[in-house]
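A.B. asks:
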Amino acid sequence: MATTLQLGKDELVAKALRSMQHLLPETTWSTRQKLALTCRILFDAGHDSGLAGQITARAEVPGTYYTQRLGLGFDEISERNLLLVDEDLNVLEGDGMANPANRFHSWIYRARPDVNCIIHTHPLHIAALSMLEVPLMVSHMDICPLFDDCAFLKDWPGIPVGNEEGEIISQALGDKRSILLAHHGQLVACASVEEACVLAALFERAAKMQLLAMAAGEIKPLPPALAREAHDWISTPKRSQVTFAYYARRALKQHADCLDAAG
């Protein structure tokens with residue numbers, strides 16, 4: 005006999021969230037492993053653009069973070085070749101140098117203590133959308149995690165290697181989790197590596213959907229209250245964890261070497 009068919013949506017949402025929290029497993033990967041997996045996941049999702057883009061995560065010591073080595077593509081990043089750097093991009097552990105464009109990550113981490121992972125990439129559809137100087141439009145349920153959570157920087161400040169760009173980008177991002185950078189690419193700034201990876205992958209899908217819809221006709225807006233409801237429903241830490249775990253399992257079929265800690 006069914007016992008939930010008379011429950012309201014709020015009750016059913018709360019019940020589902022409790023079940024997710026208790027029944028869906030936790031992952032045991034380290035921050036370095038999750039960062040390496042993210043590089044491979046996003047490579048497979050079309051986020052590579054030569055050596056452009058940076059993926060960083062806060063390390064254990066305040067004022068330090070992990071990032072990839074300049075000269076390696078996302079498909080070459082592994083647990084063992086990640087760098088540990090300070091806010092001035094001095095390498096504390098590892099060989100080689102960080103991308104000089106990581107400087108604006110330091111600014112965002114300083115401005116946003118809630119942020120533990122930053123992903124900046126130039127995937128094809130986001131880059132194409134950025135050329136139009138129009139904001140991201142969220143008009144489909146699947147991309148509602150970006151609803152009212154994606155800033156827009158219309159004026160390109162040039163290559164992001166100076167402190168000026170760090171100030172401009174961190175201010176434009178504000179308190180949101182993502183930003184579309186005109187004539188440039190995307191950036192997500194999230195509480196966890198899992199959340200950042202999932203949101204970055206979703207961002208590229210959102211841009212592709214927007215370009216397809218714009219070519220077919222006029223994009224119609226979502227009802228704001230329902231879009232916010234969907235944003236909150238999809239954006240829970242547990243949903244990010246299990247979605248990341250699925251992406252990781254898929255990536256590891258092709259990229260098992262990314263978790264190789266041996267020298």
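For the sequence shown, the residue numbers in this note's numbering are 5 to 267. The beta-carbon is built from N, C-alpha and C at its ideal position, and this holds for glycine as well. This structure is a prediction, so every number in the text was calculated from the model and none was measured.
May I ask which residues mark the beginning and end of the beta strand (DSSP E) holding Gly189?
C.D. replies: Taking the sequence shown and counting its residues from 1, the one referred to as residue 189 is at position 185. Where Gly189 is concerned, the enclosing beta strand (DSSP E) stretches over 189-194.
A.B. asks: Less than 8 Å between the beta carbons of Leu87 and Ala102, yes or no?
C.D. replies: Counted from its first residue, the sequence shown places residue 87 at position 83. Counted from its first residue, the sequence shown places residue 102 at position 98. In contact: Leu87 and Ala102 (Cβ atoms closer than 8 Å).
A.B. asks: Can Leu21 and Thr240 be called in contact, C-beta distance under 8 Å?
C.D. replies: The residue labelled residue 21 in the question sits at position 17 within the sequence shown. The residue labelled residue 240 in the question sits at position 236 within the sequence shown. It is a contact, given that the beta carbons lie within the stated cut-off.
A.B. asks: Please report how far the alpha carbon of Leu191 lies from the alpha carbon of Asp14, in whole angstroms.
C.D. replies: Residue numbering aside, residue 191 sits at position 187 when the sequence shown is read from its first letter. Residue numbering aside, residue 14 sits at position 10 when the sequence shown is read from its first letter. Between the C-alpha atoms of Leu191 and Asp14 there is a straight-line separation of about 32 Å.
A.B. asks: DSSP three-state call for Phe248: helix, strand or coil?
C.D. replies: Residue numbering aside, residue 248 sits at position 244 when the sequence shown is read from its first letter. Here Phe248 sits in helix by DSSP.
A.B. asks: From Leu226 to Lys242, what does the alpha carbon distance come to, in whole angstroms?
C.D. replies: Within the sequence shown, numbered from 1, the residue matching residue 226 stands at position 222. Within the sequence shown, numbered from 1, the residue matching residue 242 stands at position 238. Their Cα atoms are separated by approximately 25 Å.
A.B. asks: Can you say whether Leu136 is buried or exposed, counting buried as having 16 or more other CB atoms within 10 angstroms of its CB?
C.D. replies: Counted from its first residue, the sequence shown places residue 136 at position 132. Answer is exposed; the Cβ neighbour count stays below 16.
A.B. asks: Near Ala115, what residues of its chain come up, given a Cβ to Cβ distance below 7 Å and the 5 sequence neighbours on each side ignored?
C.D. replies: Residue 115 sits at position 111 when you count from the first residue of the sequence shown. Same-chain partners within the cutoff: Ser174.
A.B. asks: Per DSSP, which residues does Gln37 bridge with? Please list them.
C.D. replies: Here residue 37 refers to the residue found at position 33 of the sequence shown. According to DSSP, Gln37 bridges with nothing at all.
A.B. asks: Since Ser143 contacts Lys19 with CB under 8 Å, what's their CB separation in whole angstroms?
C.D. replies: The sequence position of residue 143 within the sequence shown is 139, counting from 1. The sequence position of residue 19 within the sequence shown is 15, counting from 1. Contact flag wrong, Cβ pair sits at about 29 Å.
A.B. asks: I'd like to know whether the C-beta atoms of Ile268 and Arg209 end up nearer to each other than 8 Å.
C.D. replies: Since the first residue shown for the chain is 5 and the last is 267, residue 268 is missing from the structure and cannot be characterised.
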